[in-house]
Amino acid sequence: MRPLTDAQIRASFVNASRSERKNLTLPADFAERPWDRLDFLGWRDPKLPQVGYLVLDLDGELVGLLLRQTETRTRARAQCSWCSDIHLPNEVVFYMTKRVGDAGRRGDTVGTHVCENFECSHNARKLPPSAYLGFDREAARDRRIEQLREHVAGFVREVRGGV
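Position one of the sequence shown corresponds to residue -14 (the working numbering), numbered consecutively onward.
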């Protein structure tokens, strides 16, 4: 991911009102983010605990989504739909977001299970255990990173209605 400015981030949101874009709070460590090791920018709003934000460079265009965590918790530990990490050091929660355009204005939403604090880029970069003699751990990690990018991009495309 390339480094982003406050203005670029606020302008990228496709399913948020002007006031929601204006009032969003960037993460405290925004300037220190490891941009070269991020596949997307995701964070929770410190002032609004149920709100999260996702910004993705999708086909050369920045697309931002406002996400809301649901109150519902699963009985069993959920697996993140993006990084698919089964050895998570963090919680996985269900986020919902309005679709873009008329569908969103009518209340149509899309949801997914995601790492609570958007740790997916970090999780995907962990070297997996060796599955068998000669197992290429680096290649497996590269595949996980690529799959993460595909999953996040697929989610954003679904919210945009295939656009």
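All C-beta atoms, glycine included, are put in the ideal place defined by N, C-alpha and C.
For clarity, every value in this text was computed on a predicted model and none was experimentally measured.
In its own chain, which residues sit with a C-beta less than 6 Å from the C-beta of residue 83, not counting the 5 before and 5 after it? Translated into positions along the sequence shown, residue 83 becomes position 98. Closer than 6 Å at Cβ, skipping near neighbours: 0, 89 and 94.
Taking the alpha-carbon of residue 111 as reference, which of 79, 68 and 64 has the nearest alpha-carbon? The residue given as residue 111 occupies position 126 in the sequence shown. The option with the nearest alpha carbon to residue 111 is 68.
Give a yes or no on contact between the stretch 108 to 124 and the stretch 32 to 45, applying the rule of three or more CB pairs nearer than 8 Å. no
Any idea if residue 24 is buried or exposed, counting beta-carbon neighbours within 10 angstroms, 16 or more meaning buried? Indexing the sequence shown from 1 puts residue 24 at position 39. Looking at its Cβ environment, which holds 16 or more other Cβ atoms inside 10 Å, residue 24 is buried.
Do you know whose CA, among 34, 129 and 118, lies nearest residue 105's CA? Mapped onto the sequence shown, residue 105 falls at position 120. Measuring from the Cα of residue 105, the nearest candidate turns out to be 129.
From what residue to what residue does the alpha helix (DSSP H) around residue 64 run? Looking up residue 64 in the sequence shown gives position 79. Run containing residue 64: none; DSSP gives neither H nor E here.
CA-CA distance, residue 16 and residue 49? By one-based count along the sequence shown, residue 16 stands at place 31. By one-based count along the sequence shown, residue 49 stands at place 64. Computed Cα separation, rounded: 18 Å.
Reduced DSSP category for residue 3 - H, G, I as helix; E, B as strand; rest coil: Locating residue 3 in the sequence shown gives position 18, counting from the first residue. It is helical.
If I follow the unbroken beta strand (DSSP E) through residue 127, where does it start and stop? The sequence position of residue 127 within the sequence shown is 142, counting from 1. Where residue 127 is concerned, there is no enclosing beta strand (DSSP E), although the alpha helix (DSSP H) it sits in stretches over 122 to 144.
Bridge partners - residue 96, DSSP secondary structure assignment: For the purposes of this step, residue 96 is taken as residue 111 along the sequence shown, with counting starting at 1. DSSP lists 81 as partners of residue 96.
According to the neighbour-count rule (16 or more other Cβ atoms, all chains shown, within 10 Å of its Cβ), is residue 97 buried or exposed? Taking the first residue of the sequence shown as 1, we reach residue 97 at position 112. Buried, because 16 or more other Cβ atoms sit within 10 Å of the Cβ of residue 97.
CA nearest to the CA of residue 108, picked from 34, 7 and 132: Here residue 108 corresponds to residue number 123 of the sequence shown, with the count starting at 1. When each option's Cα is compared against that of residue 108, the closest is 132.
Three-way DSSP call (helix, strand, coil) for residue 25 in this model: Taking the sequence shown and counting its residues from 1, one reaches residue 25 at position 40. In this structure, residue 25 counts as coil in the three-state DSSP scheme.
When you compare the CB positions of residue 10 and residue -12, do they come within less than 9 Å of one another, or not? Reading the sequence shown from its first residue, position 25 is the one you call residue 10. Reading the sequence shown from its first residue, position 3 is the one you call residue -12. The answer is no: Cβ separation not under 9 Å.
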